[in-house]
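Heads up: the sequence shown begins at 43 in our numbering, then just goes up one per residue.
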Amino acid sequence: MLLPLPDSAVRTQSLKFHACLATVCCGFGSADHLVELASVMYIAYFLQRAGYGALPLERFHEAEDVMETANRRGAQTDTWLLDDDGYPVFGALLTLHDRQLATAPAHAVVAAEGELMRFIDGAAPSPLPPRPVESQATPA
């Protein structure tokens, strides 16, 4: 468990996630595809928090926004896709996750998957820390 995942497992996971992203960006997605992408988003965040990756936190918040819009649209229209702006956001997340899977020890990946399951079982709307509040200048 101290070694990274085998190369074949990394390639299989990477192909699965990138195919999922391509599917939703081409307009052929389903709710299951969005669930898969949301799972990858949070696992990547948990792995980064454990020291594997350095994507700005704002990119994760942007991904949540993209996902919220896609889920809302899908629930209303049964069209499950990402907006044009969503593709590069999730592309960056998948690139990060590819690197994480190739370098993080297997135990870290398993731990991140466990954190995802605990989040799913909980009541929190997001595992991400809140966005920083914009400081407002006070009048003198």
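For glycine and all other residues, C-beta sits at the position ideal for the given N, C-alpha and C.
Grab me the residues of residue i's own chain with a C-beta within less than 6 Å of its C-beta, minus the 5 sequence neighbours each way, in chain order.
i	result
Y30	Outside the modelled stretch of the chain, which goes from 43 to 182, sits residue 30, for which no answer is possible.
Kindly list the residues whose CB is nearer than 7 Å to the CB of residue i, restricted to its own chain and excluding five residues on each side of it in sequence; keep chain order.
i	result
L123	V66, C67, G69, G71 and A112
L45	P147 and A148
Y94	Q142, T145, A146 and A150
Q178	Reliability fails at Q178, whose pLDDT of 39 lies under 50, so the model's placement of it is uncertain and no value is given.
R173	H103
Among residues of its own chain, excluding the 5 on either side of residue i, which ones have a beta-carbon nearer than 8 Å to its beta-carbon?
i	result
M83	F102, A105, E106, M109, F132 and L135
R160	none
L89	G95, H139, Q142, A146, A150, V151 and A154
D125	V108, T111 and A112
Need the endpoints of the alpha helix (DSSP H) that residue i sits in, please.
i	result
R137	Inspection of the sequence shows that residue 137 is occupied by Thr rather than by Arg. T137 -> alpha helix (DSSP H) spans G128 to T145.
A153	A148 to D163
D107	L99 to T119
In the structure shown, what three-state DSSP assignment does residue i receive?
i	result
G93	coil
G69	coil
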